Amino acid sequence: MSITDCTPKGASEGNSGFTLIEMIAVLVVLGIIAAVAVAAILSQASFALYSEVDILKSHLRFVQYRALSDDVPWSVTFGGNSYTVLRDGATWPHSLPNDDSSTHQLPSGYSVSGSTVTYDEWGSPGISDVSVTLSGGGESHTIRITKNTGFIQ
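Under the working numbering, residue 153 is the last one in the sequence shown; the count climbs by one each step, no gaps.
Here you go:
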């Protein structure tokens, strides 16, 4: 074997393989395809729905907190494309957090359904689980409020 012979033992000069540049190019193409697929799956409508779900959960927690600090029951009633906070059966005269009134209006095309959630002075929604469903953008999400504890999931 001479110094100028750089071919590994047992390999022929006609052997071909992938170069580092080819491997990087394939990974870039796969990355672009994955980005397009993720964008198609996670549409803007999904984000809007889950944003409204988070807002509703925070409002339910707020009402539960208010019931814990008061001697009267607090409720949230659902209907159509809005929900309203009630204190002792009457519309609460103040605004919800980050809202303009005690009624939260959902965006156009979204709706909410479920039975009224009433929290007592212990923050309990009663002796049975309560479900609230938000729908919009071709999707829906159900929030479950656990009996006795008021845990929101």
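Virtual Cβ for every residue (Gly too), placed ideally from N, Cα, C. Quantities reported herein were computed from a predicted structural model and do not represent experimental measurements.
- Nearest Cα to T149 within the set A40, L68, A39 and V36: L68.
- Cβ neighbours of S101 within its own chain (closer than 6 Å, five residues either side excluded): S95.
- I145 is bridged by DSSP to V130 and I152.
- Counting only residues of its own chain and dropping the five nearest sequence neighbours on each side, T142 has a CB closer than 6 Å to the CB of S131 and T133.
- Beta-carbon to beta-carbon, L60 and V76 are separated by about 6 Å, close enough to satisfy the 8 Å threshold.
- As a beta-bridge residue in DSSP terms, F78 pairs with Y83.
- Sorting W122, S128, V112 and E121 by C-alpha distance to the C-alpha of K57 places V112 at the top.
- For S101, there is no enclosing beta strand (DSSP E), since its DSSP letter is neither H nor E.
- When the beta-carbon positions are compared, L106 and E52 come within less than 8 Å of each other.
- When the beta-carbon positions are compared, R144 and D120 stay at least 8 Å from each other.
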